[in-house]
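*Asks:* Numbering (the working numbering), first residue to last: 14 to 362. Glycine included, every Cβ here is placed at the ideal spot set by N, Cα and C.
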């Protein structure tokens, strides 16, 4: 039995090694989006920034100032009623008429995005979180792929910045490694499959307004269900799924100008956030696979399979190797004729 497990592990190692080589090849080969036609997007006239917030970020005013420095037509901020006075005072201090503040009764990412998206008056909008820092060229570069009339959404590179000046905490370093892995996987998928992304990130993504500003999308976005229960999280996955299922392509932008400095929780709360994201990701990918099979759509099926393969093959192979090592250890202990009492102490099962 152990010989069979060992053979399976060796095969998985070879498969994982081959996939890693392909991922890094795609990551290194993917170039920033280039449009040879005449530029048609004027950021100051054609792009709105939409942000949902609870108004708890201490440096939110710096984030908003950086958005405004990029020159959008409008910035739509959607908070909750309890925080509306605080955000309104912030907007008054900034003193820029482009900043528009709205609210919903209680925290709900999907309801807040709905209120923001339906108020967009430009051909394109960018979703952004309330604590990631932009550079001066971020906005113009993230919307650049939308010059292609077949692209409905684009996202880009992310790195982690420290919450305090002392440097990255252990949790932030973990988050940094996670984002590096994300950048590699996104780049590989985009290179090998016409701009495919794992998801259009809620931290920063550019979207085509006409794709999402309609009653069909609002109904899907607000009333999505999983196993009969309402889905209230995974808003970025919902944007991605709607875009792809309606025939639009996506893009992963690798230009240095679009590099986003993201903030993650410097404590163990980041682990809870990751677990929630994992739950949403699994749900989204399984639903995508079921949809592809039902529709008998080869393009959607390829996307669903690639998402699952790229996202989970490394984790699955690592888990199997750990189980193999455990099985080998148990077999070795048995061969050494360890006493029953010693064996019970050493064997976790």
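Could you give the C-beta distance for residue 145 and residue 276, rounded to a whole number, given that I count them as a contact under 8 Å?
*Replies:* 6 Å
*Asks:* For residue 271, which of helix, strand or coil comes out of DSSP?
*Replies:* helix
*Asks:* Can you tell me whether DSSP reads residue 107 as helix, strand or coil?
*Replies:* In this structure, residue 107 counts as helix in the three-state DSSP scheme.
*Asks:* Does residue 265 come out as helix, strand or coil in the three-state DSSP assignment?
*Replies:* If DSSP states are grouped into helix, strand and coil, residue 265 belongs with the strands.
*Asks:* Under 8 Å: do the stretch 277-296 and the stretch 160-169 share three or more Cβ pairs, one atom per stretch?
*Replies:* No, because fewer than three Cβ pairs between the stretch 277-296 and the stretch 160-169 fall closer than 8 Å, the two stretches do not touch.
*Asks:* Just to confirm the assignment, what range does the alpha helix (DSSP H) spanning residue 289 have?
*Replies:* 282-308
*Asks:* Where does residue 41 land, buried or exposed, given buried means 16+ other C-beta within 10 angstroms?
*Replies:* exposed
*Asks:* If residue 54 sits next to residue 137, beta carbons under 8 Å apart, how far is it from one beta carbon to the other, in whole angstroms?
*Replies:* 7 Å
*Asks:* In chain order, what residues of the same chain lie with their CB nearer than 8 Å to the CB of residue 223, ignoring the 5 residues before and after it?
*Replies:* 136
*Asks:* If I'm right that residue 271 touches residue 113 with Cβ under 8 Å, what's the distance once you round it to whole angstroms?
*Replies:* Actually they are not in contact, since the Cβ atoms of residue 271 and residue 113 sit about 25 Å apart, beyond 8 Å.
*Asks:* Rounded to a whole number of angstroms, what is the C-alpha to C-alpha distance between residue 33 and residue 103?
*Replies:* 46 Å
*Asks:* May I ask you to report which of helix, strand or coil DSSP gives residue 194?
*Replies:* helix
*Asks:* Taking 8 Å as the threshold, find out whether the stretch 114-133 comes into contact with the stretch 82-93 through three or more Cβ pairs.
*Replies:* yes
*Asks:* How far does the alpha helix (DSSP H) with residue 221 in it reach, from first residue to last?
*Replies:* Looking at the DSSP string, residue 221 is not in any alpha helix (DSSP H); the run it does join, the beta strand (DSSP E), is 217-221.
*Asks:* Rounded to whole angstroms, what's the CA-CA distance from residue 283 to residue 198? Just pull it up for me.
*Replies:* 21 Å
*Asks:* Would you mind working out which of 81, 97, 52 and 324 sits nearest residue 212, comparing C-alpha positions?
*Replies:* 324
*Asks:* Shortest alpha-carbon distance to residue 155 belongs to which of 290, 192, 85 and 314?
*Replies:* 85
*Asks:* Does any residue of chain D bring its CB to less than 8 Å from the CB of residue 140?
*Replies:* In the displayed structure, chain D is absent; only one protein chain is listed.
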